[in-house]
Structures are given as structure tokens and as C-alpha cells.
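Notes follow once the structure below has been shown.
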Amino acid sequence: MLDQSRYYIIGAFLLGVALTAAHNQRSSASQQEIENATSERQLKQQHNLLSKLSKINDLDTLKKSLVEIESLLEKGAGSIKDGIEGCIGDTPLIKIKSLSEYTGCEILVKAEFLNGAGNSPKDRVALGIIQMAEEKGLLIPHSGDTVYEGTVGSTGISLAAICRARGYKAHICMPNDMAIEKSDLLLKLGAEVERVRPAPIVDQNQFVNLARTRAAEHTANSDKPGRGLFADQFETEANWRAHFTGTGPEIYEQTGGSLDAFVSGAGTGGTISGVALFLKSKLPNLQVVLADPPGSGLYNRVKYGVMFDPKEKEGTRRRHQVDTIIEGIGINRVTHNFDIGRELIDDAIRVNDDQAIAMARWLVEHDGIFVGSSSAVNCVAATKLAKTLGPGHRIVTLLCDSGARHLSKFWANVEPVGGAENDVSLEKILGA
Ligand SMILES: Cc1ncc(COP(=O)(O)O)c(C=O)c1O
């Protein structure tokens, strides 16, 4: 069949679908007298497109209009979200203009801080963990069932919000050196919070171990209603799978499958593994690059296959190992979620605190983007990679959370944002 006639048949089919959708929308609107300006506008847009479509003679214009109408129909069908869980995923992909202009590459960021429940990529993971437990009958709403988690903050905030929405309680164990606004937020979401001394994983009071113990204690206590569920973000399959089925496919669609590199930090490793597993199955030549903060062993693991010098091994140092103000990424053990995608990580870039601090300020100063420490690390690494690859490449990374969650710690170190006269150049930031 001729290419042109095939497109006209598809066009006629879509036209039929669109007319039916438009009719349904209109009749239900008149029945219920819904005063919804948005759907009115969508309806008008659809009609305009349909009349435009019927007048088109040129194949390329027709193709473009079909794509446009398809996306409008999708938006029309999904414009009402089903609870706060419906606001998780489908985050925008944004071009960072200043970094793209400087490097000659397209630097694109997935705005994960726009996930609607806990405002970070951990919304996807928290929802996945809760749904998996519900499917297995391990959580029953309004029974007193409580989700326990060890987290530096983001996963706890996402779990606490989603638990509220679905009738569970949340109990969060976190290191006491994390920004105080994270535990304040958890308390406002009605979670129980235990801030504990930072400790290596071999210590039973380390925040992850403590959460596991608390969950078991709850289940064993017959005086306490419900059961305890240990969310276990570092080891659970639900973590990397949330990015394999969500973040990865979204990036692939949003870039039309055209990208050269994906850059991400790793805390549990769920994001980098899940995204890498999906994207590399579609794009075998894609470069996956880890962005790693000071004190983390992952950089050496990726670059040289060894995690650390034996004297740095977790549990053998007396002081807290990850000496950085960057929160959420960097770790000194290989978790299941990192391990599952480990072989797909091609390279690693080390980013220090000064670079992250300067980048956070740069992004506000030049792009009006206000983010937290791990996002700043990602942007430094993506810019460094762009300089190495040279102009003309497309690089995707993540903006994980807002700077609002880091005011008292990371952002307290950032020089005031006050206009171009205080500018630090990107050369200086990358070389700092
Ligand atoms: C703010 C922030 N960014 C990035 C990450 C890292 O993501 P992942 O655990 O998937 O490696 C985390 C993890 O907790 C985080 O809190």
C-alpha cells in the first residue's frame, strides 16, 4: 500500500475516534453542566485540528497533525487524576538552556521533583512497594498496618504521603545529620520519626537495620494493631522495577529514542539500574554514567572494579564514612538495586561539594531552577560529560528534589543569588 494512502486511512480512523470522543465529551458536558474551561478549550482545539486535518493535502503536514491530535486525545482522557497516586510519574523533560548553550550539547533533565506525593523520584518506588505488598496481602488498609523504612528522607516522605492516602501508618528511621526540614515534613505527614546517630551497616542501630527491627517488633507485638512491613528500598525488586517500567520508558518516549547518555547518582541504585536496564535494551550504544559524591565507594567500583581500600570498608571506620553535605546519593556497599544494573554502567564522574554548591547557585541564577544537592551533582556530571563528548550530543539526567528540602544544610552553604556581577563561570565550577 502506498505510504500516502496508509496515512490517510490512519487519519480517517483517528478522525472517527476524535469525533466520537468530542461528541461524548460534549453530551456528557451538557448533561452534567460541567463548567470546565479546560475541557472546553480541549474540545475547541480538537475541532480546529479536525477541520485542519480535512483540508491537508501534504503528507508531512498530515503526519505532524496526526501526532498532535493523538497527544491531545490522550490528554483529554487522562486529565483527571485518581487521587495523589495519579500524580506520580509522567514528569516533564526539560532542556537546561544555560548548560546546553555552554556545552553545545542538549542537556535534558527529568523533573522528578514534580512527582505529586512526596515530590521526588521516590514516589514511584514508594507506590511500587505499597502496591506489591497489597497484592501479596501484606498490607490491609485501616487495620493499623504500618510501613517501616530506613531512609535519608525522600523515600520516607513519599511513603508517609502515600500511606496516608491508602490507610496505613508510616514509621521512618533516618540519620540525624540529614536536613531537619525532612524530618519536620515527615512529622507533618503524621509519620513517626526516629533520628539516629549515623552508623555503618554492621551496627544494629544503623537506620536501615533499625527500621527492619522495628517492623519485626510491631508484628510480634499482639497488643499493637496491625502488622509491621519493612519497605526495604535498598534490596527490594519494587525499587528498580519502578524505574524500569516508569522513568526509563518515559525518557525513551520523551526523547523519541534519541539520546547519547544517561547520568545519575546512586543511593539505593534503583534509579540508575532501572533506567539503564530499560534504555540499554532499546539503545545498546547509550552511555550510562554514574555521578558520585565525595566519600562514596561507587566511583571506584565502576572505574576500577573495587569498592574501597580494606581500611575504608564499612564497619571498620570509627567515623561516619560519607563526609559530604550531599544527601541521598553515595554509598559504600553494593546493594541489590545497584548490583542489578551494575554491568550496564559505563563510567563514573566524581563531583565534590564545592562543585555541587556552585552548580545549585548557577541553576537558580541562570535558569530559575531551584534544586537540592543530588540534582546539582547530576548537573555537574552531565556538563562534564558533555564537555568530554563534544558538541552535538544529547544527555539526560534527573532533578530529584527541590532546594526547599535542603535550606538548612546544603543551601546554607550557597552564596546569595544576586545578579550577574557575582557570577562564577562554568569553567570554574567544573574545575573547582
Ligand atoms: C534526593 C535524592 N536523590 C537521589 C537519590 C538516589 O536515588 P536511588 O536511591 O534510586 O539511587 C535519592 C535516594 O534516596 C535521594 O533521596
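In full-length UniProt numbering, the protein residues as written are 1 to 432. We put the CB at the ideal spot given by N, CA and C, even for glycine.
What are the uninterrupted segments assigned as beta strand (DSSP E) that are 3 or more residues long and contained completely in the stretch 54-102, given in chain order? Listed in chain order, the complete beta strand (DSSP E) runs (minimum 3 residues) inside the stretch 54-102 are 93-95.
What residue range does the alpha helix (DSSP H) around K428 cover? In the sequence shown, residue 428 corresponds to position 428, counting from 1. Looking at the DSSP string, the run of the alpha helix (DSSP H) that includes K428 is 426-431.
Output needed for I34: all residues of its chain with C-beta closer than 7 Å, excluding positions within five of it in sequence on either side, in chain order. On the sequence shown, residue 34 is found 34 positions in, with the first residue counted as 1. Low local confidence applies: a pLDDT of 43 at I34 is under 50, so the model's placement there is unreliable, and no value is given.
Sequence-distant residues of the same chain with beta carbon closer than 6 Å to L426, five excluded per side: Numbered from its first residue, the sequence shown carries residue 426 at position 426. Here the set comprises Y102.
Please state whether DSSP places H171 in a helix, a strand or coil. The residue given as residue 171 occupies position 171 in the sequence shown. Residue state, collapsed to three classes: strand.
So for K384, helix, strand or coil by DSSP? By one-based count along the sequence shown, residue 384 stands at place 384. K384: helix per DSSP, three-state reduction.
Give me the residue from A412, T268, A160, L186 with the minimum Cα distance to E85. Here the question's residue 85 lines up with position 85 in the sequence shown. Taking only the C-alpha atoms, the option nearest E85 is A160.
Can you tell me whether DSSP reads D423 as helix, strand or coil? Position 423 of the sequence shown holds residue 423. DSSP places D423 in coil when its eight states are reduced to three.
Kindly give me the distance between the Cβ atoms of S120 and C400, rounded to whole angstroms, as I take these residues to be in contact under 8 Å. Mapped onto the sequence shown, residue 120 falls at position 120. Mapped onto the sequence shown, residue 400 falls at position 400. Indeed they touch by this definition, with Cβ atoms about 5 Å apart.
With respect to the beta strand (DSSP E) encompassing T335, which residues constitute its N-terminal and C-terminal limits? Here residue 335 refers to the residue found at position 335 when the sequence shown is read from its first residue. Element bounds for T335: n/a, residue is neither H nor E.
Roughly how many angstroms lie between the CA atoms of N413 and E365, to the nearest whole one? Along the sequence shown, read from residue 1 onward, the residue named residue 413 stands at position 413. Along the sequence shown, read from residue 1 onward, the residue named residue 365 stands at position 365. The alpha-carbon atoms of N413 and E365 are separated by roughly 15 Å.
Is T397 a contact residue of ligand 1, with contact defined as CB to any heavy atom under 7 Å? Along the sequence shown, read from residue 1 onward, the residue named residue 397 stands at position 397. Answer for T397: no, Cβ out of range of ligand 1.
Leaving out the 5 sequence neighbours to the left and right, which residues in its chain are closer than 8 Å to R361 when beta-carbon positions are compared? Within the sequence shown, residue 361 is the residue found at index 361, counting from 1. Once the five neighbours on either side are set aside, the close Cβ partners of R361 are V414, E415, V417, V424.
Excluding the five sequence neighbours on either side, which residues of its own chain have a C-beta within less than 7 Å of the C-beta of L407, listed in chain order? Sequence index remark: in the sequence shown, residue 407 carries index 407 (1-based). So the qualifying residues of the chain are E181.
With a threshold of 7 Å (Cβ to nearest heavy atom), would D401 be considered close to ligand 1? Reading the sequence shown from its first residue, position 401 is the one you call residue 401. Yes.
Is T324 near ligand 1, in the sense that its beta carbon is under 7 Å from a heavy atom of that ligand? Locating residue 324 in the sequence shown gives position 324, where the first residue counts as 1. Not under cutoff, so the answer is no.
Could you tell me which of L93, E237, G190, Q206 sits nearest to G256, measuring between CA atoms? Looking up residue 256 in the sequence shown gives position 256. Ranked by how close their Cα comes to the Cα of G256, the residues L93, E237, G190, Q206 have L93 in first place.
Residue burial classification, S211 (beta-carbon count within 10 angstroms, cutoff 16): Numbered from 1 along the sequence shown, position 211 holds the residue referred to as residue 211. Note that residue 211 is Ala in the sequence shown, not Ser. A211 is buried by the Cβ-count criterion.
With three or more C-beta pairs closer than 8 Å as the rule, is the stretch 162-182 touching the stretch 235-249? no
Limits of the beta strand (DSSP E) - the one that E192 falls within: What you label residue 192 is simply residue 192 of the sequence shown in a count that begins at 1. Segment 192-196, the beta strand (DSSP E) holding E192.
Leaving out the 5 sequence neighbours to the left and right, which residues in its chain are closer than 6 Å to R318 when beta-carbon positions are compared? Here the question's residue 318 lines up with position 318 in the sequence shown. Annotation note: pLDDT 49 at R318 (below 50); position unreliable, coordinate value reported separately. Excluding sequence neighbours, R318 sits near nothing in its chain.
Determine the burial state of N24: buried for a count of at least 16 other Cβ atoms within 10 Å of its Cβ, exposed for fewer. Position 24 of the sequence shown holds residue 24. Confidence in N24 is poor, its pLDDT being 48 and thus under 50, which makes the residue's placement too unreliable to answer from.
Any idea what DSSP makes of K224, helix, strand or coil? By 1-based counting over the sequence shown, the position of residue 224 is 224. Under the three-state reduction of DSSP, K224 is assigned to coil, being neither helix nor strand.
Spatial neighbours of residue 435 within its chain, please: C-beta separation below 8 Å, excluding the five flanking residues on both sides. Outside the shown range of the chain (1 to 432) lies residue 435, about which nothing can therefore be said.
Give me the Cβ distance between G274 and V377, rounded to the nearest whole Å; I'm assuming they're in contact under 8 Å. As a first step, residue 274 must be located in the sequence shown, where it is residue number 274. As a first step, residue 377 must be located in the sequence shown, where it is residue number 377. The distance from the Cβ of G274 to that of V377 is about 19 Å, inconsistent with a contact at the 8 Å cut-off.
What first and last residue would you give for the beta strand (DSSP E) that runs through L399? In the sequence shown, the residue the question calls residue 399 occupies position 399. Segment 394-399, the beta strand (DSSP E) holding L399.
If we ignore side chains and look at the alpha-carbon of each, how far apart do A216 and G228 end up? Mapped onto the sequence shown, residue 216 falls at position 216. Mapped onto the sequence shown, residue 228 falls at position 228. Near 6 Å, if we compare the C-alpha coordinates of G228 and A216.
Specify, as a first and last residue, the run of the beta strand (DSSP E) that G274 falls within. As a position in the sequence shown, residue 274 is number 274, starting the count at 1. Per DSSP, G274 belongs to no beta strand (DSSP E); it is in the alpha helix (DSSP H), 270-282.
Would a check of beta-carbon distances place G128 closer than 8 Å to chain D? The structure shown has no chain D; it contains just one protein chain.
I251 and V396 closer than 8 Å at C-beta: Here the question's residue 251 lines up with position 251 in the sequence shown. Here the question's residue 396 lines up with position 396 in the sequence shown. Against a cut-off of 8 Å, the Cβ pair of V396 and I251 comes out as a contact.
Identify, in the order they occur along the chain, each residue of the same chain with its Cβ nearer than 6 Å to the Cβ of W240, setting aside the five sequence neighbours on each side. Taking the sequence shown and counting its residues from 1, the one referred to as residue 240 is at position 240. Excluding residues within five positions, the ones whose Cβ falls inside 6 Å are G270, S273, G274, N337, I340.
With DSSP collapsed to three states, give me the class of A139. As a first step, residue 139 must be located in the sequence shown, where it is residue number 139. The question names Ala, but residue 139 is Leu in the sequence shown. Note: L139 maps to coil in three-state DSSP.
Can you tell which of S375, V263, I88 has the C-alpha that lies nearest to the C-alpha of I326? Position 326 of the sequence shown, counted from the start, is the residue given in the question as residue 326. The option with the nearest alpha carbon to I326 is S375.
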